[in-house]
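Numbering (this note's numbering), first residue to last: 531 to 679. Think of the CB as a built atom: it goes at the ideal place given N, C-alpha and C, for glycine as much as any other residue. Since the structure is predicted, the reported quantities are computational estimates derived from the model, not experimental observations. Report on the structure given below.
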Amino acid sequence: GVTAEAQNMEELIVSAEAQREIKLKTREDLNKLTDKIIGIAIEVHKAIGPGFVERIYDQALRQEFINCKINFESQKQIKVNYKDVELGLQQIDFLIEGELILEIKAVSRINSAHAAQLISYLKTIKVRVGLILNFSRDKLEIKRVVNKF
531 GVTAEAQNME ELIVSAEAQR EIKLKTREDL NKLTDKIIGI AIEVHKAIGP
581 GFVERIYDQA LRQEFINCKI NFESQKQIKV NYKDVELGLQ QIDFLIEGEL
631 ILEIKAVSRI NSAHAAQLIS YLKTIKVRVG LILNFSRDKL EIKRVVNKF
C-alpha cells in the first residue's frame, strides 16, 4: 500500500500545481483588467484631450467604469501603519475590482516620485498591480507598476 507520507507528498504536489494555476489565471485576469482600464483611459483622453485638472479625468473615468459595469472604489482612504500604530491616511484615486490601483495625473511627466507613491500604496494594501495615467500630454502617458511583495 501507499504510505501516509507518500500520500501527503502527492497532495502537496497537487496543491502546489493548483496554486500555480490559480496564480497564472489571476495574472491573466489582471492583465485583461489592466488592458481594459487602459483602453477606457485612452478613450477618455481622445474625447477630452490634455489640459484639464485631474478631477475632470477622474469624473470621466468614473462614468466609463459605471457604464462598463466595472467595480471600483474612488478616493479610497487607506491606513498607513508603523509597528501596529496608525500614522495617518493616504488616498488612492481608484481601486478597481479590488485588484488594481489607478492613479490619475495631469502633470508634465510621470516621475519617480509618482512611481514611489504608487509602490507605497501597492505595498500598504497588498495589491499586485497599479497604473499611473497622465492625461496632460498629447498622447496618454501610462506607467504600469508591479508589486513583487
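inquiry  = Taking the alpha-carbon of K609 as reference, which of I600, L619, L661 has the nearest alpha-carbon?
reply    = L619
request  = Compute the minimum distance between the beta carbon of A636 and the heavy atoms of the ligand HEM, and state whether it is under 8 Å.
outcome  = For the structure depicted, the ligand HEM is absent and the ligand set is empty, with no information on it obtainable.
inquiry  = With a threshold of 8 Å on Cβ separation, who are the neighbours of I627 within its own chain once the five nearest residues in sequence on each side are excluded?
reply    = One point to set straight first is that residue 627 is Glu, not Ile, in the sequence displayed. The answer, listed in chain order, is L563, I600, N601, F602.
ask   = Can you give the Cα-Cα distance for I578 and K606, rounded to whole angstroms?
value = 25 Å
task = Count the other C-beta atoms from every protein chain shown that fall within 10 angstroms of the C-beta of D623, then say buried if there are 16 or more, exposed otherwise.
result = buried
inquiry  = If you reduce the DSSP assignment to three classes, tell me which class S666 lands in.
reply    = coil
Distance between I586 and V659 (C-alpha atoms, nearest Å) = 24 Å
ask   = Around the C-beta of K635, are 16 or more other C-beta atoms found within 10 angstroms, so that it is buried, or is it exposed?
value = buried
request  = Answer yes or no: do L625 and L661 have a C-beta to C-beta separation smaller than 9 Å?
outcome  = no
task = In the DSSP assignment, find the unbroken beta strand (DSSP E) run with S604 in it and report its ends.
result = 602-612
Where the alpha helix (DSSP H) through R674 begins and ends = Unbroken run through R674 is the beta strand (DSSP E), 671-676; no alpha helix (DSSP H).
ask   = My guess is that N664 and I640 are in contact by the Cβ rule of under 8 Å, so how many angstroms apart are they, rounded?
value = 5 Å
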